[in-house]
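Shown next, in structure tokens, is the structure this report addresses.
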Amino acid sequence: MAKILSIDIGNSSIKALVVKDGVVKNVAFFPNRFGKLITVMSNSERIQLTDDIKSALRENGIGETAVVASLPESLVFAKTMIFPHMSTPELSTAIKWELDQSVPFPPNEIESSWSVFENNQFTGEDKIGTYVVAVPSKVSELYLQLFELLGLEPIRLENELLPLLRAFSTSLEDVSPSFVVDIGYSGIKIALANKAMIFGNYYFSVGGQAMTNVIADNFGLSMDQAEQYKRTYGMIESQLDGKIYRVLKPIVDNLILEIRKMSLTFRNEYGETRINKLLLTGGGSYLQGLAGYLGKSLEGVEVATGNVFEGQDLDPETLQLESLFSLAYGLST
Numbered sequence: 001m002a003k004i005l006s007i008d009i010g011n012s013s014i015k016a017l018v019v020k021d022g023v024v025k026n027v028a029f030f031p032n033r034f035g036k037l038i039t040v041m042s043n044s045e046r047i048q049l050t051d052d053i054k055s056a057l058r059e060n061g062i063g064e065t066a067v068v069a070s071l072p073e074s075l076v077f078a079k080t081m082i083f084p085h086m087s088t089p090e091l092s093t094a095i096k097w098e099l100d101q102s103v104p105f106p107p108n109e110i111e112s113s114w115s116v117f118e119n120n121q122f123t124g125e126d127k128i129g130t131y132v133v134a135v136p137s138k139v140s141e142l143y144l145q146l147f148e149l150l151g152l153e154p155i156r157l158e159n160e161l162l163p164l165l166r167a168f169s170t171s172l173e174d175v176s177p178s179f180v181v182d183i184g185y186s187g188i189k190i191a192l193a194n195k196a197m198i199f200g201n202y203y204f205s206v207g208g209q210a211m212t213n214v215i216a217d218n219f220g221l222s223m224d225q226a227e228q229y230k231r232t233y234g235m236i237e238s239q240l241d242g243k244i245y246r247v248l249k250p251i252v253d254n255l256i257l258e259i260r261k262m263s264l265t266f267r268n269e270y271g272e273t274r275i276n277k278l279l280l281t282g283g284g285s286y287l288q289g290l291a292g293y294l295g296k297s298l299e300g301v302e303v304a305t306g307n308v309f310e311g312q313d314l315d316p317e318t319l320q321l322e323s324l325f326s327l328a329y330g331l332s333t
């Protein structure tokens, strides 16, 4: 298998990996100086970002030109759809009809793809489970243009959820589904899945940046100061008289509410199969006390931080950032 360059262009940072046969060969991590998606950058900003990426790849000895990359979950429509058993042409027509009802773009302005969950005991023989993704053509075109400027050849563009689940495939179970929660800079992604099927997914645009903002606003701090307070005290109620804990609690409680909603929907549709695991990833997973708070709030659910670099021969500094590389690693698999 050839070496694959995978790139995750986030709002706050850009992560790149070169992986061959599951082994990480090269790593690049650097800030996105504009703090936003390329879809809202000006042409001059995109050109400057291109220069930044070129420099970082060169400095880290990355010369591969074939690339796989992700499209932000906030810009795509992704959903598990269940249909009665039907032929492939009939299924294609049914999915198109569902997209016409659900996606707020004309059919000629989106690109869509879908896959069937094979050998799935939850849908049974009389139903077909599918995972459907649609993205505005303008979004994918902007990313393709960026890679053209970089001199890279895109071999695959994916929404973020699928590679995240691949990154943790060895931690997912055959039957009982697990939650995978990615707390990013600008939003949180939640997936409920086992090895065979995605049962539900949700995205909301409140992430690490919102947590820093609420600390800054409540205590009159600069963003840098608020970020440091967040990292130091986090969700530990006994620290700093619980002041940081109390302002972050509503955001985390909203996350818990969405997880409970997904759990209830799953039980209503599929019975009493237990959900007993939650994997945290993304920069927000480093929040002090978060895993413990989630574990207490979600009774019977084991909460752990995902470990995508387990067994990799990498320097300690890179290993400390592994939760930031979950998406990039999943893209390479």
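All residue numbers for the sequence shown refer to UniProt numbering, where the first residue is 1 and numbers rise by one. Beta carbons are placed, not taken as given, at the ideal position from N, Cα and C, and that holds for glycine.
Taking a 10 Å sphere around the C-beta of Gly234, we find 16 or more other C-beta atoms and assign the residue as buried. For Tyr203, the CB contacts under 8 Å within the same chain, skipping 5 residues up- and downstream, are Glu73, Ser74, Gly187, Ile188, Lys189 and Ile190 in chain order. In its chain, beyond the 5 residues on either side, Ser176, Ser178, Gly300, Val301 and Glu302 have a beta carbon closer than 8 Å to the beta carbon of Asn276. Counting of Cβ neighbours within 10 angstroms places Glu153 among the exposed residues, the total staying below 16. The Cβ atoms of Ile38 and Leu91 do not sit closer than 8 Å to each other. Comparing alpha-carbon positions, the option among Leu192, Leu49 and Ala210 lying closest to Ser263 turns out to be Leu192. Of the residues assessed, Gln121 falls on the exposed side of the cut-off, its CB having fewer than 16 other CB atoms within 10 angstroms. Counting other Cβ atoms within 10 Å of its Cβ, Arg166 reaches 16 or more and is therefore classed as buried. Shown here, Ser178 sits in a strand according to DSSP, grouped into three states. Judged by DSSP secondary structure, Ala291 falls within the alpha helix (DSSP H) whose first and last residues are Leu290 to Ser297. The three-state reading of DSSP puts Val206 in coil, since its state is none of H, G, I, E or B.
Relative to Ala56, the option among Phe34, Val23 and Leu17 whose CA is nearest is Leu17. By the Cβ rule, the segment 210-221 counts as touching the segment 230-248, because three or more pairs are nearer than 8 Å.
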